[in-house]
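Residue numbers (my numbering), protein chains in the order written: chain X, 57 to 375; chain Y, 10 to 262; chain R, 10 to 262; chain U, 2 to 306; chain G, 2 to 306. Glycine residues also receive a C-beta, built at the ideal position from the N, C-alpha and C atoms. One structure is given below, encoded as structure tokens.
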Amino acid sequence: AQGNAEVIRVGAYPNITHSQPMVGKATGWFEKAVGQNVKIEWKTFNAGPAAIEALFAGAIDMTYIGPNPAIQGYVRSNGEALRIVAGATSGGASLVVRNDSGIQKPEDFHGRKVASPQQGNTQDVALRAWLLAHGMKTIDKGGDVQVMPLANPDQLTLFLKKELDAAWAPEPWATRLIKEGNGRLFLDERDLWPQGQFITCHLVVSAKFLRDHPEVVKNWIRAHVELTDWINSHLPEAKRILNQQIQRETGKALPAAELDEAFTHLQVTYDPLRASLLTAAKASFDAGFLGRKMPDLSSLYDITLLNQILVEKGKKAIQ
Amino acid sequence: MRRIGRQVIFYGILFGLWFVLAKLKIWPPYIFPTPWGVAESLGAGFQDHSFWIAIGVSMKRMLLGYGISVMLGMVLGLAVASNKFLEDTIGGLLVSLQSLPSICWLPLAVLWFGLTEKAILFVVVMGSLLSVTIAMEDGRKQMPKIYGMAGRNLGARGFKLFWYVLLPASLPFIVSGLKQGWAFAWRSLISGEMIFVSLGLGQLLMMGRDLNDMSQVIAVMILIIAIGYIVDGLVFKTVERRLQNKWGLAPAT
Amino acid sequence: MRRIGRQVIFYGILFGLWFVLAKLKIWPPYIFPTPWGVAESLGAGFQDHSFWIAIGVSMKRMLLGYGISVMLGMVLGLAVASNKFLEDTIGGLLVSLQSLPSICWLPLAVLWFGLTEKAILFVVVMGSLLSVTIAMEDGRKQMPKIYGMAGRNLGARGFKLFWYVLLPASLPFIVSGLKQGWAFAWRSLISGEMIFVSLGLGQLLMMGRDLNDMSQVIAVMILIIAIGYIVDGLVFKTVERRLQNKWGLAPAT
Amino acid sequence: MTPNPLKKPASQSAFSDHRSTARAGMVFWKTGAAPALVPLRISEKPKVALQGISVTYGVNGSRLLALDNIELKVRAGEFLCIVGPSGCGKSTLLHLIAGLQKPTSGQILVDGQGVEAPGTDRILIFQELGLFPWLTVAENVEFGMKMKNISKAEREEKTHHYLRLVHLAQFKDSYTHQLSGGMRQRVALARALATEPDVLLMDEPFAALDAQTRDLLHDELERIWAETGRTIIFVTHNVREAVRLGDRVVLLTFRPGRVKREFEVELPRPRHLEEVDVARTARAILEDLREEINKSLEAEYEAHR
Amino acid sequence: MTPNPLKKPASQSAFSDHRSTARAGMVFWKTGAAPALVPLRISEKPKVALQGISVTYGVNGSRLLALDNIELKVRAGEFLCIVGPSGCGKSTLLHLIAGLQKPTSGQILVDGQGVEAPGTDRILIFQELGLFPWLTVAENVEFGMKMKNISKAEREEKTHHYLRLVHLAQFKDSYTHQLSGGMRQRVALARALATEPDVLLMDEPFAALDAQTRDLLHDELERIWAETGRTIIFVTHNVREAVRLGDRVVLLTFRPGRVKREFEVELPRPRHLEEVDVARTARAILEDLREEINKSLEAEYEAHR
Ligand SMILES: Nc1ncnc2c1ncn2[C@@H]1O[C@H](COP(=O)(O)OP(=O)(O)OP(=O)(O)O)[C@@H](O)[C@H]1O
Ligand SMILES: Nc1ncnc2c1ncn2[C@@H]1O[C@H](COP(=O)(O)OP(=O)(O)OP(=O)(O)O)[C@@H](O)[C@H]1O
Ligand SMILES: [Mg+2]
Ligand SMILES: [Mg+2]
């Protein structure tokens, strides 16, 4: 049965940074690509660590996931457990300040309370790196900025209670903080990156599955690339399908305005944007989230299949 | 009759207060949801069947998981209460193991059972099993000595002694423990349903929180409370009332 | 002596099994951590003081939150058991409210108390209060009638009746309920400490899970178990032993 | 030092240290070794009055009439004994007077006041004793006094006194489960006496005691009663005991309990259980009791073959 | 139909429907209205033998010697009564024989076998009764039979029979908390009798009963004993009752309990409580008992002033 799996189990979350799996799920896109004799089982998660746990335990074969859990999973398993095989989303995180906080310029962050979604996650690391770059230190490093990892809904509440001055938040929360929490966009994270691109979601495959079933993975990646192109060329329709699928899974659609606003901050892509991830990993290590020794991330990526497909399609391969 | 009257007054005041607070708009509605917002959430959830499905799915898991906990927990509790070795070893760990939050069991559940119903059941069982065990052990130990003596004197041995004497004699304890176990089971179910998205009420609750949709959170809370109320009334309260009548125990003074 | 012998055997077997399983490498160490990996985590945690701080911070919250729950819970339980109105109204909701997972209280905690210790305490209290209330109410109701009668006959009224008669008479129940309440309090504390980074054990556990660091998760679990074991042994088991001696209750047969 | 009542049983009361002033009207003679006790002047104003008392219990859906229209007046300072067949409602009657239970109909007056709740003026010794297992013997005895906010020193002194009275001083630190049946009964007795109520309601308080201990406690009880002028309502199934102790013996009928007959016992005090006069009076009452029981048993046998 | 034992008390045994074959050696005369019962030929092989039994309890750190070197042989088919002051260890003794408690030293043999655990050949009526509050009266009585896997039909028949015997047929569906003290005691009696053990251990089983009911149950118990050849060890504090019922009366000393004296009661059966002979024998025993108690009470008074 080598090379031909009967069931492929794929994880995703119902979230706007997961456009490909959501739209794919809704349209049966991947089913067509992998063929009749492969059955797709979608598994929906609420958060990255649970998906990595499932990947570790062999309960799923691949998953769409953010960069931070992917790095953690890779490092925890000494590079054994997983490979990043393609990108999915770029952008979609912003630094939002409360309108009446009086923050106008980076120096105003001295002595402030700033939230991130979770200790050591992508936005948390970005926030800490950005503060450092502007000569500010967090309290635990002897500075005066208080970085508070807080669940996104709580950030909104605390914005309204005026207990929080700013937050580095992913979409759609950045938009919600602005619209519902009396917030103001201070910085779109894209402005910090070359070409405004940095990875927020990619496709991760279990290393074992990749070894055992390269064909299946390849078919999947092909469909993924095609779907990415389709979404980019049919954005309004794709957004509608995405929102429908989110509603189906969470019982609640995003307001159209919020969806549109959020999409202006992110981009759907198959490029894994490796450089942005490695930079982020370095920052993460500097902030102390990756142990005492900078881990070797050399085998984190396996983009040979992606490049084969890109070449097949006459597109530019990724270095 | 008077009971119903009291309840009408109570719930009336409760809702009235909520209504007034919501009307006063001290907090914005997405933080402090309004009764009509919640009613709308409830209506929508039942209309598109998602609440019915969630209730069905979650109740099935509760019945299975809690049922297993009750049976295993009783056996284990009895074993711990009657066996010196078990008492000195696991006996000392019951409370502390029961204190472990469900989050500790999630990785094991996924490891052993994958993303299946069994994994959720495992979390529910691990969350409530030892609660029942504690109650059973305590019931067995704090039971007046005379019952055990009378039972053995009349020829009850082994399983018969357990079933006809020790179990009924410690029933007042056990019923109280089963209520606690029920609460633990619910809480664990909610955690278990967070392993992966699996339709249940826990999922709806999580979604509500993740989207900061407080109306949905409150709507699910109301569902959980309603289910608990019904189960409490139909099962626990009935058993308690029968116990009190049979044993002639203290009514409120 | 024999007790210690049994424990040595038991824990010996337990660790041996873990060791063997880890050595056999059935599962990779990143899902099934090895004893030495966990020992390392524990060592590192204690060395850089983060575990000591976490234990201190969490224990303080537990003592405060649980203490409040016990006191309020007893008063509430007694009130529910003795007042018809309360019994018919909140009485029917105790079990179902206790079933609500801590996650339901988090938004309220943040809303009312912001990012303060009080918010965490609130979650702990909400998580264990009604458990104590249930135990107290049950103890009060399932207590043999004769004690209340004898107390009133001898002139005990109101608070004296409660303190000198009803409370001690239902103590066997209450102690059992307090254990359950303790477990609830811990679990809620872990949830409460997830609101914001607040140093405690819950935070360490969350970090371990968020970073998929199973060794850290197990290390924190061991800490929680150890604390529970000590508290159980020092407090609950002692009270129970005294109860059994005083009342002459059933020893294991 | 309280003297040993066994050695010098009459010369001094075991109570003298607590009750320095004897009640007006009390007469107390010494006649050699055995004291001649004469009851207080019994006041004619009823201390306890039961007016048309009925009690019905619901048992498995049907109703059981336990007490039927009981009319009874107990004078202040009277020693009233109640006898009757098992299950005729004696305990129920005492519970009613103690205020622990409400009658289905009728009214109970104590000192002319309707009884609504228990009061420390009426202390009941329960048939089931109702000792507190979480307290030691001494703490049990102390309990009533503690509720009355009596000072610690006085409590301790009285506890010691009454425990000696029931011969349990040695066991003051034991828990009740460490006592024998008879010892427990004596603790309950001491607990009730120590509270020093106006009306003492005793439900078969000597049923588990050996003959000799009971005789001694009869003497003590009688002495306490005579000295303090308490009203005592004493339930027993032992007719001789009733005649030994009572000013009046009330015989209840089987089920439902009604007052069948009252006997004034006019024998001089102190009486003795084995006295010929006591035996004779008891036989007369027993005759009635026997008839009563046979009648009811026949009814039962007809109903349940 | 079982006849009403009150109407035709002697013509037919209440047991005849259960026990069709009387034991060899049983003699059973009819003499007019009152039956003349003669005990079975009492076998000389001891049914129950206590050899050097001592029991020590730990009480608050110190040790209490409850029973001290008890030597006692009970013959099969014997009716042995044990009397002694309150707290002398009577109940403890019965617990030991029932196998519910282990002696500190010494050995108990039943049919020559060491007693290790309770057995249905020895059923104890507890002083505290030990009825099951979660069962109805009938279910309580049935309990022992159920444990012995007796068929439902037989159980029901026997339950009915024994409940009638104790005059509680009417209350078969009540729970124990709905009964009076005396009624509860009778349920415990019926429960023990229904199990039909070889050795019946009775701990003051009639203490809470009125005189008349107790007399009737004395007759029934004696009849059952005579017909079935059971061995009965009967603890009572009522010396007359002991003489009324026993082949032999054992008097225990105060604390620690030792066998002070044994009395063979040679009076012809059936005896009556009020008989002159019974009274005379009882007086002789009481004399000893009284002396015993006074001695020990003096000791207590010396120790605890
Ligand atoms: N809680 C109850 N529920 C139902 N019936 C009851 C209850 N308490 C007592 N009874 C019934 O009331 C009657 C009288 O009971 P009570 O205890 O007063 O009798 P008693 O005269 O004290 O008898 P005894 O001498 O046996 O103690 C009995 O028939 C009993 O069954
Ligand atoms: N569990 C126990 N722990 C300590 N002492 C006990 C215990 N049980 C009994 N005793 C003591 O042993 C002695 C004998 O008790 P036991 O119950 O056998 O007396 P008894 O002869 O049955 O008295 P009674 O006639 O009052 O029922 C008593 O002094 C009692 O205090
Ligand atoms: Mg009674
Ligand atoms: Mg006894």
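- Message: Quick check: is the beta carbon of Trp195/Y nearer than 7 Å to any beta carbon in chain R?
- Response: Position 186 of the second sequence holds residue 195/Y. With 7 Å as the cut-off, Trp195/Y counts as an interface residue toward chain R.
- Segment contact flag, the region 299–311 of chain X with the region 112–120 of chain X, C-beta cutoff 8 Å, min 3 pairs: no
- Item | Beta-ladder partner(s) of Ser400/X, from DSSP | No answer is possible for residue 400/X: it lies beyond the span of chain X, which begins at 57 and ends at 375.
- Closer than 7 Å, CB to CB, is Phe265/X near chain Y or not? Position 209 of the first sequence, counting from 1, holds the residue named residue 265/X. Not closer than 7 Å to any Cβ of chain Y, the Cβ of Phe265/X fails to qualify, so no.
- Express the C-alpha separation of Gly123/R and Phe131/R in angstroms, rounding to a whole number. Within the third sequence, residue 131/R is the residue found at index 122, counting from 1. Within the third sequence, residue 123/R is the residue found at index 114, counting from 1. Distance between the alpha carbons of Phe131/R and Gly123/R: 11 Å.
- Roughly how many whole angstroms lie between the Cα atoms of Gly135/X and Val260/X? Here residue 135/X is taken as the residue at index 79 of the first sequence, counted from 1. Here residue 260/X is taken as the residue at index 204 of the first sequence, counted from 1. Between Gly135/X and Val260/X, the C-alpha separation is close to 13 Å.
- Item | Under 9 Å from the C-beta of Arg291/U: neighbouring residues of chain G | Here residue 291/U corresponds to residue number 290 of the fourth sequence, with the count starting at 1. Within chain G, the residues near Arg291/U are Ala212, Gln213 and Asp216.
- Query: Is it the case that the CB of Gly88/G approaches a heavy atom of ligand 2 more closely than 6 Å?
  - Reply: Within the fifth sequence, the letter at position 87 stands for residue 88/G. Gly88/G Cβ: within cutoff of ligand 2.
- Task: Output yes if chain U places a C-beta closer than 7 Å to the C-beta of Ser175/G; else output no.
- Result: As a position in the fifth sequence, residue 175/G is number 174, starting the count at 1. Yes, contact with chain U.
- Task: Could you please tell me which residues of the region 107–127 of chain U, in chain order, have their CB closer than 9 Å to any CB of chain G?
- Result: none
- Query: So Ile199/Y packs on Ile112/R, CB below 8 Å; how close in whole Å?
  - Reply: The residue given as residue 199/Y occupies position 190 in the second sequence. The residue given as residue 112/R occupies position 103 in the third sequence. Going by Cβ atoms, the distance from Ile199/Y to Ile112/R rounds to 7 Å, so yes, they are a contact pair.
- Mark Ala144/X as exposed unless 16 or more other C-beta atoms lie within 10 angstroms of its C-beta, in which case mark it buried. Counted from its first residue, the first sequence places residue 144/X at position 88. Around the beta carbon of Ala144/X, a 10 Å sphere encloses 16 or more other beta carbons of the protein chains shown; the residue is thus reported as buried.
- Query: Residues in its own chain within less than 8 Å of Phe144/U by CB, not counting five upstream and five downstream?
  - Reply: The residue given as residue 144/U occupies position 143 in the fourth sequence. The answer, listed in chain order, is Phe133, Leu136 and Arg192.
- Ser92/G CB to nearest heavy atom of ligand 2 below 6 Å: Stepping through the fifth sequence from its first residue, residue 92/G is reached at position 91. It does: the Cβ of Ser92/G is within 6 Å (strictly closer) of some heavy atom of ligand 2.
- Message: Taking its Cβ as the centre, do 16 or more other Cβ atoms sit within 10 Å of His219/G, making it buried, or is it exposed?
- Response: The count along the fifth sequence starts at 1 and reaches residue 219/G at position 218. Under this definition His219/G is a buried residue.
- Query: Which residue comes first and which comes last in the beta strand (DSSP E) that contains Trp135/G?
  - Reply: Numbered from 1 along the fifth sequence, position 134 holds the residue referred to as residue 135/G. First-last for Trp135/G: undefined, no H or E at that position.
- Message: Given 6 Å as the limit, tell me if Gly183/G has its C-beta closer than that to any heavy atom belonging to ligand 1.
- Response: What you label residue 183/G is simply residue 182 of the fifth sequence in a count that begins at 1. It does: the Cβ of Gly183/G is within 6 Å (strictly closer) of some heavy atom of ligand 1.
- Query: Candidates Val251/G, Glu242/G and Pro47/G: which alpha carbon is nearest Pro206/G's?
  - Reply: If you number the fifth sequence from 1, residue 206/G lands on position 205. Closest option to Pro206/G, Cα to Cα, is Glu242/G.
- Message: Let me check one thing: in DSSP terms, what residues is Thr358/U bridge-paired to?
- Response: An answer regarding residue 358/U cannot be provided, because it is not within the stretch 2 to 306 covered by chain U.
- If I'm right that Leu101/U touches Met158/R with Cβ under 8 Å, what's the distance once you round it to whole angstroms? Here residue 101/U refers to the residue found at position 100 when the fourth sequence is read from its first residue. Here residue 158/R refers to the residue found at position 149 when the third sequence is read from its first residue. With 8 Å as the limit, Leu101/U and Met158/R qualify as a contact, their Cβ atoms being about 5 Å apart.
- Message: Can you look up Gln174/X in the DSSP assignment and give me helix, strand or coil?
- Response: Translated into the one-based positions of the first sequence, residue 174/X becomes position 118. Per DSSP, reduced to three states, the secondary structure at Gln174/X is coil, with no helix or strand assignment.
- Message: Helix, strand or coil for Ile35/R? Go by DSSP, reduced to three states.
- Response: Position 26 of the third sequence, counting from 1, holds the residue named residue 35/R. Shown here, Ile35/R sits in coil according to DSSP, grouped into three states, outside any helix or strand.
- Message: Nearer than 6 Å: is that true of the beta carbon of Gln128/G relative to any heavy atom of ligand 4?
- Response: Taking the first residue of the fifth sequence as position 1, residue 128/G is located at position 127. Answer for Gln128/G: yes, Cβ within range of ligand 4.
- Is DSSP giving Val266/U helix, strand or coil here? Indexing the fourth sequence from 1 puts residue 266/U at position 265. Secondary structure at Val266/U: coil, using DSSP grouped into helix, strand and coil.
- Anything in chain X within Cβ reach of Asn221/R, meaning under 8 Å, just list it in chain order. Residue 221/R sits at position 212 when you count from the first residue of the third sequence. Near Asn221/R (Cβ distances below 8 Å), the residues of chain X are Pro105, Ile108, Glu109, Phe112, Pro125, Gln128, Gly129 and Arg132.
- Item | Interface residues of chain U facing Leu180/R [CB-CB closer than 8 Å] | Locating residue 180/R in the third sequence gives position 171, counting from the first residue. Neighbours of Leu180/R on chain U, chain order: Trp135.
- Which whole-angstrom value describes the C-beta separation of His321/X and Gly147/X, a residue pair presumed to lie in contact below a C-beta threshold of 8 Å? Residue 321/X sits at position 265 when you count from the first residue of the first sequence. Residue 147/X sits at position 91 when you count from the first residue of the first sequence. Yes, they are in contact, since the Cβ atoms of His321/X and Gly147/X sit about 6 Å apart, within 8 Å.
- Query: Between Lys246/Y and chain G, is there a C-beta pair that is closer than 7 Å?
  - Reply: Position 237 of the second sequence, counted from the start, is the residue given in the question as residue 246/Y. False, the Cβ-Cβ gap to chain G never drops below 7 Å.
- Just the chain G side, please: which residues come within less than 8 Å of Ile155/Y by C-beta, in chain order? Along the second sequence, one-based indexing puts residue 155/Y at 146. Result: Phe127, Glu129 and Gly131.
- DSSP puts Pro205/X in a beta bridge; with which residues? Indexing the first sequence from 1 puts residue 205/X at position 149. Paired residue(s): Ser172/X.
- Message: For ligand 2, is there any heavy atom lying closer than 6 Å to the beta carbon of Val60/G?
- Response: Here residue 60/G is taken as the residue at index 59 of the fifth sequence, counted from 1. Result yes, Cβ under 6 Å from ligand 2.
- Message: Strictly below 8 Å CB to CB, what residues from chain G border Tyr58/U?
- Response: As a working note, residue 58/U is residue 57 in the fourth sequence. Those are Gln179, listed as they occur along chain G.
- Would you please state the rounded distance, in angstroms, between the beta carbons of Leu253/U and Gly85/U? I believe it to be under 8 Å. One-based indexing of the fourth sequence puts residue 253/U at position 252. One-based indexing of the fourth sequence puts residue 85/U at position 84. That belief holds up - the Cβ atoms of Leu253/U and Gly85/U are roughly 3 Å apart, short of 8 Å.
- Item | Bridge-paired residues (DSSP) for Asp244/X | Here residue 244/X corresponds to residue number 188 of the first sequence, with the count starting at 1. DSSP, once it has assigned bridges, lists Ser150/X as partnering Asp244/X.
- Message: Could you give the first and the last residue of the continuous beta strand (DSSP E) run that contains Asn70/U?
- Response: Here residue 70/U is taken as the residue at index 69 of the fourth sequence, counted from 1. First-last of the beta strand (DSSP E) with Asn70/U: Ser63 to Arg76.
- At 8 Å on the CB atoms, spell out the chain Y contacts of Thr125/R, in chain order. Taking the first residue of the third sequence as 1, we reach residue 125/R at position 116. Result: empty, since nearest Cβ-Cβ is about 17 Å, beyond 8 Å.
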